[in-house]
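In our numbering, the protein residues as written are 53 to 429. Written below as structure tokens is the structure these notes are about.
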Amino acid sequence: MTPEVIEAGPVRLRPLRPDDAEDLAAGRDDPVNLRFKPVGMPHPYTVADAHWWISEGAPAAWRGGGAAYAIVDAGTDRLVGGAGLSQVAPGRGQAELGYWVAPRARRRGIATATTRALATAAFQAGLARLELLIRAENPASQRIALAAGFHPEGVRRAAGAGRDGDRYDLLAWVRLADDPPGPVPRLLPDLPDGRLTDTVVTLRRLTPADAEVLHRLHTRPEVVATRVRPVAPTRADIDRRCAVAESEWLTGRAADLAVCDAVTGTMVGGCALIYDEPATGQAMIGYSLLPGARGRGLATRAVRLLAGWACGPVGLARLWAGAATWNTASQRVLDRAGFHREGVMRARLPAPTPDTPRPDTVLWSFLATDPHPLPPR
């Protein structure tokens, strides 16, 4: 059992009281908290629901070997959120940690301080392993997990259940008793000031608002022809890609970027770095532009910016890119961006149809030790 009261810097974790009910109801009925609400939580969440949780739900959590805390401001003792331990498995020394923070108390480091303090208390009480289960569409919680010493472990397929019975995946973030309290080093750091730019082209992280443009780009026939399996994505596929782009970045799998006109901010294409071999310090890049942006050197600029970041702040030793043998335009971009042609990978890609041969790919590479070409004038 964890202590009744846990000090966590700007906040304190203590048992819930009847006078917390109004703040509890207001916080739990917030749209952000509702979006990622636990299974079975009422909506709308009323003061009566809050009183039930305070008098029955939370005490039951404690009796079951878990914990249910109010997060309160250390100075005023007013409730600003909640935290707890559930799914306790004593035989494995494991539990699931959860938290929520009221809108008026966000961006103050409360969730991170709470998660660190509660994890420390849980380990001192004898647990060996804690899990945070987070939807990929919730990057804010994943940033808190990283800051509090939790490592991305994998995907729990269909582990979450919605109010309407729909199932969804959850990412498992895990901290062990002997892990440092955080932050966890990231394979892919954030971009400096949120972008890379040479005053002509700007690269920034892909967001859900980019789905329409990205779908338009990736359903163009000439772009579809370069996809691994040359099949156009659905709008749902693109919506999902944009929704989880930040999560892919935080877990170190990929940096998915919008290519924008630096003057207008208009998105004109996309590029990505896929961290396919962390053990060898190698990643793959890809890129494409809408027709109106082609022929102006923008792809070359984007690849140079991406290569400079990858071989600089990220610390990669080697980048590679593959281009179809017929795609001479893409190969010219790589040549102008300082990449070296290494050869042809025979039959590398899946066949477009069952009765056609697997296509070859021309392999290009850029090393951290290669001279970085000057930006075009």
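By construction, the Cβ of each residue, glycine as well, lies at the ideal position given by its N, Cα and C atoms. For clarity, every value in this text was computed on a predicted model and none was experimentally measured.
- Ranked by Cα distance from R209, the options I326, R115 and Y220 are led by Y220.
- Burial check for D75: the Cβ neighbour count within 10 Å reaches 16 or more, so the residue is buried.
- DSSP, reduced to helix, strand and coil, places D230 outside both helices and strands of the structure shown, so it counts as coil.
- For F391, no alpha helix (DSSP H) encloses it, and the DSSP letter there is neither H nor E.
- Taking S417 as the centre and dropping the five residues before and after it, the same chain places the C-beta of R370, L371, W372, F391, H392 and E394 closer than 7 angstroms to its C-beta, in chain order.
- Note on the region 253-277: whole alpha helix (DSSP H) runs with a minimum of 4 residues are 263-270 and 273-276, in chain order.
- Rounded to whole angstroms, the gap between the alpha carbons of T128 and V385 is 60 angstroms.
- In the DSSP annotation of this structure, the continuous segment of the beta strand (DSSP E) that includes F418 starts and ends at T413 to L419.
- Looking from the CA of V296, the closest CA among N190, A335 and T271 belongs to N190.
- Annotated three-state conformation of G136 is strand, per DSSP.
- Counting C-beta pairs closer than 8 angstroms gives fewer than three between the region 345-362 and the region 393-411, which falls short of the contact rule.
- Taking the Cα positions, L325 is about 16 angstroms away from L341.
- Less than 9 angstroms divides the Cβ of A122 from the Cβ of L65.
- At the C-beta level, A169 and G61 come within 9 angstroms of one another.
- With a cutoff of 9 angstroms on beta-carbon distance, T166 and G217 are scored as not near each other.
- Collapsing the DSSP output to three states places W301 in a helix.
- Separation of A288 and E59 (C-alpha to C-alpha, rounded to the nearest whole angstrom) is 44 angstroms.
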